[in-house]
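Working notes, structure below.
2 protein chains.
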Amino acid sequence: MGPVSAKSKAKPGPKTRIQREKQDVILEAALTIFSLHGFRGATIDQIAEAAGMSKPNLLYYFPSKEAMHRRLMTGMLDLWLDPLRALDNEGDAIAELRSYLRRKIEMARDFPRESRLFANEMLQGAPHAIDVLEGELKQLVDEKAQLIESWMDAGKINRTDPYHLIFSIWATTQHYADFDVQVRAVLGKDRGGEGRYEDAARFLENLFMDGLRPKG
Amino acid sequence: MGPVSAKSKAKPGPKTRIQREKQDVILEAALTIFSLHGFRGATIDQIAEAAGMSKPNLLYYFPSKEAMHRRLMTGMLDLWLDPLRALDNEGDAIAELRSYLRRKIEMARDFPRESRLFANEMLQGAPHAIDVLEGELKQLVDEKAQLIESWMDAGKINRTDPYHLIFSIWATTQHYADFDVQVRAVLGKDRGGEGRYEDAARFLENLFMDGLRPKG
DNA sequence: AGAAAATTTGACCAGTTGGAAAAATGTTAG
DNA sequence: CTAACATTTTTCCAACTGGTCAAATTTTCT
């Protein structure tokens, strides 16, 4: 009955080489379209065209629009939380936070579509991700907030709310992906080039380290 | 030919009392729906239902979906830029920035739908607002960036990039409206109540003033 | 009241959408 | 080569979408 081997896992494994390749092409296209128009705003036809195939052909690889979106969301959420996971108990507080900030900026620069996919989901009340937010994400943040608090106890950083600190890092970094049009419009063509991420990184490092008020 | 009076202005003025009232009801409903689903994701039927009327009835007051969206966008953009306009040359630098921050947080708390409407527009590349961004907005930001720079020249605040400073204020404050689900999920039911805006305001004031690194 | 104007409703339409079915075509292992 | 299987295309559909139109109803003005 059916292919000779590997039938034990019913869900996860695509069978053939073509299936794996095409699924990747489709997901790539779907990421672009979903991140730009949101779930409801995106159409299968658009995705199919971006993937260079017909709609029914696409539906041969993914049973529905939702299926594509689910796959993208889980993949993205995983990628998205990596930098926070990497916050290290052993490292130096300031250095760790600095490198977290840098990693997040790099992600906004290198994976803007993923950031927008996430933002779209949040704006709509996270209908497909609320479980992850209240489960894995909350747990991870709780854990890292405790770590940050221990750094404050040790006098390594100023005492503030660790949760809102994490929020503010998310907000400032993702802003450069999600509000890219605005950033570029305001900076103008002279300063809006690729260098803007460098500038942003420098600025944020500065802000998070020392704030605005002159010392003394 | 038509009503007796006030025909000189063709566009702006609704004629009757009912028209004014219903248009307000519709815009109110449209704001809720658009902010939640984006332009493409929102349907006239949804808006009509939220406004308590039939679709053709709604279309009697607004000629199209786009017309509603345009009205909301212009109204929102105006409201949205008010706090930045209020940055005062005469005032004390630290006090001015502090109160800008506070005003922006209050807006996120009191007008979350407007914030999400804006965010949706940005995510989609600002197809309906790009002119404003490159025109009025850029001009206003340029002007205020110069003001901030003058504060830095006078040694009132640390020297950094004024543009990215403004971005970071936008990002951190609007985050609480746009990513509300996430914020509430992470804070949990104990800390996720209405007090979260107070906590956020306190934290941000702290961060922007003094940063994380202990002095000395 | 009663005419004129404003508002609301119901029926309708053409284009789009997510998706199903089956036929046609390509690929591969024996 | 050819049968079994995988892939692609063609055709189709029912639900939904933005929007129109004329008829019915309500409000307003005299």
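Those protein sequence lines, which keep their order, are chains A and B.
The first sequence begins at 64 in my numbering and counts up by one.
The second sequence begins at 64 in my numbering and counts up by one.
All C-beta atoms in this analysis are idealised placements derived from N, C-alpha and C, irrespective of residue type, glycine included.
Pair within 8 Å by beta-carbon distance, residue 228/B and residue 164/B = As a working mapping, residue 228/B is identified with position 165 in the second sequence. As a working mapping, residue 164/B is identified with position 101 in the second sequence. It is not a contact, given that the beta carbons lie outside the stated cut-off.
Residue 197/B: first and last residue of the uninterrupted alpha helix (DSSP H) it sits in = Here residue 197/B is taken as the residue at index 134 of the second sequence, counted from 1. Looking at the DSSP string, residue 197/B is not in any alpha helix (DSSP H), and its letter there is neither H nor E.
Check whether the Cβ of residue 248/A lies closer than 8 Å to any Cβ atom in chain B.
-> The count along the first sequence starts at 1 and reaches residue 248/A at position 185. Answer yes: the Cβ-Cβ gap between residue 248/A and chain B drops below 8 Å somewhere.
So, do the region 119-126 of chain A and the region 86-95 of chain A have three or more beta carbon pairs nearer to each other than 8 Å?
-> yes
Going by C-alpha distance, which of 142/B, 240/B, 129/B, 80/B is nearest residue 259/B?
-> Within the second sequence, numbered from 1, the residue matching residue 259/B stands at position 196. Out of 142/B, 240/B, 129/B, 80/B, 240/B has the C-alpha closest to the C-alpha of residue 259/B.
Check: residue 251/A C-beta below 7 Å from any heavy atom of the ligand PLP | Questions concerning the ligand PLP fall outside what the structure shown contains, since it holds no ligand whatsoever.
Does DSSP classify residue 191/B as helix, strand or coil?
-> The residue labelled residue 191/B in the question sits at position 128 within the second sequence. In the structure shown, residue 191/B sits in coil (DSSP, three-state: anything other than H, G, I, E or B).
Within the same chain, show all residues whose beta-carbon is closer than 6 Å to that of residue 175/B, passing over the 5 residues directly before and after it, in chain order.
-> Here residue 175/B corresponds to residue number 112 of the second sequence, with the count starting at 1. Around residue 175/B: 240.
CB contact below 8 Å: residue 65/A versus chain B | Here residue 65/A is taken as the residue at index 2 of the first sequence, counted from 1. With a pLDDT of 31 at residue 65/A, under the threshold of 50, the predicted position of this residue should be treated as unreliable, and no value is reported.
Within chain B, partners of residue 242/A - CB distance below 7 Å | Taking the first sequence and counting its residues from 1, the one referred to as residue 242/A is at position 179. The answer, in chain order, is 185.
Note down, in chain order, all residues in the region 114-145 of chain B with a beta-carbon under 7 Å from any beta-carbon belonging to chain A.
-> none
Cβ-based contacts, 8 Å cut-off: residues of the region 249-266 of chain A near chain B = 249, 250, 251, 254, 262, 263, 265, 266
Measure from the C-beta of residue 271/B to each C-beta in chain A and report whether the shortest distance is under 8 Å.
-> Position 208 of the second sequence, counted from the start, is the residue given in the question as residue 271/B. So, interface residue.
Taking C-beta pairs closer than 8 Å, name the residues in chain B that residue 235/A reaches, listed in chain order.
-> Start at 1 with the first residue of the first sequence, and residue 235/A comes out as number 172. Result: 230, 231, 234, 235.
State buried or exposed for residue 183/A, treating a residue as buried only when at least 16 other CB atoms are found within 10 Å of its CB.
-> Here residue 183/A refers to the residue found at position 120 of the first sequence. By the 10 Å Cβ count, residue 183/A comes out buried.
Whether residue 204/B touches residue 249/A by CB criterion (8 Å) = Taking the first residue of the second sequence as position 1, residue 204/B is located at position 141. Taking the first residue of the first sequence as position 1, residue 249/A is located at position 186. Contact: yes.
Check whether the Cβ atoms of residue 136/B and residue 244/A lie closer than 8 Å to each other.
-> The residue you call residue 136/B lines up with position 73 of the second sequence. The residue you call residue 244/A lines up with position 181 of the first sequence. Cβ atoms of residue 136/B and residue 244/A: not closer than 8 Å.
Enumerated in chain order, which unbroken segments of the alpha helix (DSSP H) with a length of 4 residues or greater are wholly contained in the region 117-187 of chain B?
-> 118-124, 128-148, 156-173, 175-186
For the 8 Å Cβ check, are there 3 or more pairs between the region 134-153 of chain B and the region 131-145 of chain A?
-> The region 134-153 of chain B makes no contact with the region 131-145 of chain A; the number of CB pairs closer than 8 Å stays below 3.
Could you check where the alpha helix (DSSP H) with residue 277/A kicks off and where it finishes?
-> Counting from one through the first sequence, the residue named residue 277/A turns up at place 214. Here residue 277/A belongs to no alpha helix (DSSP H), and DSSP marks it neither H nor E.
Apart from the five residues just before and just after residue 236/B, which ones in its own chain have a Cβ nearer than 6 Å to its Cβ?
-> The sequence position of residue 236/B within the second sequence is 173, counting from 1. Around residue 236/B: 167, 168, 171.
Can a CB atom of chain A be found closer than 8 Å to the CB of residue 220/B?
-> Against the second sequence, residue 220/B aligns to sequence position 157. So, interface residue.
Residues of chain A with CB under 9 Å from residue 157/B, in chain order?
-> Reading the second sequence from its first residue, position 94 is the one you call residue 157/B. Ordered by position in chain A, the residues that pass the 9 Å Cβ test against residue 157/B are 275, 276.
Could you give the distance in angstroms between the alpha-carbon of residue 278/A and the alpha-carbon of residue 278/B?
-> Locating residue 278/A in the first sequence gives position 215, where the first residue counts as 1. Locating residue 278/B in the second sequence gives position 215, where the first residue counts as 1. Between the alpha carbons of residue 278/A and residue 278/B lies a gap of roughly 8 Å.
Measuring only between beta-carbons, confirm whether residue 201/A sits less than 8 Å from chain B.
-> Counting from 1 along the first sequence, the entry for residue 201/A is found at position 138. Residue 201/A counts as touching chain B.
List the residues of chain A whose Cβ lies closer than 7 Å to the Cβ of residue 226/B, in chain order.
-> Here residue 226/B refers to the residue found at position 163 of the second sequence. The CB of residue 226/B comes closer than 7 Å to the CB of 249, 250 in chain A, given here in chain order.
Given that a residue counts as buried once 16 or more other Cβ atoms are within 10 Å of its Cβ, and exposed if not, what is residue 82/B?
-> The sequence position of residue 82/B within the second sequence is 19, counting from 1. Classification of residue 82/B: exposed, given that the 10 Å Cβ count is below 16.
Measuring alpha carbon to alpha carbon, tell me which of 132/A, 257/A, 160/A, 84/A ends up nearest residue 105/A.
-> Counted from its first residue, the first sequence places residue 105/A at position 42. It is 132/A whose Cα lies nearest to the Cα of residue 105/A.
Between which two residues does the alpha helix (DSSP H) carrying residue 254/B extend?
-> The count along the second sequence starts at 1 and reaches residue 254/B at position 191. Run containing residue 254/B: 243-254, per the alpha helix (DSSP H) assignment.
Which residues in chain B sit within 7 Å of residue 197/A, going by Cβ to Cβ distance?
-> Indexing the first sequence from 1 puts residue 197/A at position 134. Chain B residues near residue 197/A: 248.
May I ask you to list, following chain order, the residues of the region 94-108 of chain B that have a beta carbon less than 7 Å from some beta carbon of chain A?
-> 99, 100, 101, 103, 104
Under the three-state DSSP convention, the category residue 263/A falls into | Counting from one through the first sequence, the residue named residue 263/A turns up at place 200. Correct three-state label for residue 263/A: helix.
Under 8 Å Cβ to Cβ from residue 107/A, same chain only, skipping five residues before and after it: list those, please.
-> Position 44 of the first sequence, counting from 1, holds the residue named residue 107/A. The residues are 118, 121, 122, 128.
May I have the straight-line CA-CA distance separating residue 109/B from residue 188/A, to the nearest angstrom?
-> Start at 1 with the first residue of the second sequence, and residue 109/B comes out as number 46. Start at 1 with the first residue of the first sequence, and residue 188/A comes out as number 125. For residue 109/B and residue 188/A, the distance between alpha carbons rounds to 17 Å.
Drop a sphere of 10 angstroms on the beta-carbon of residue 274/A, count the other beta-carbons inside from all chains shown, and report buried for 16 or more, exposed for fewer.
-> Translated into the one-based positions of the first sequence, residue 274/A becomes position 211. Answer is buried; the Cβ neighbour count reaches 16.
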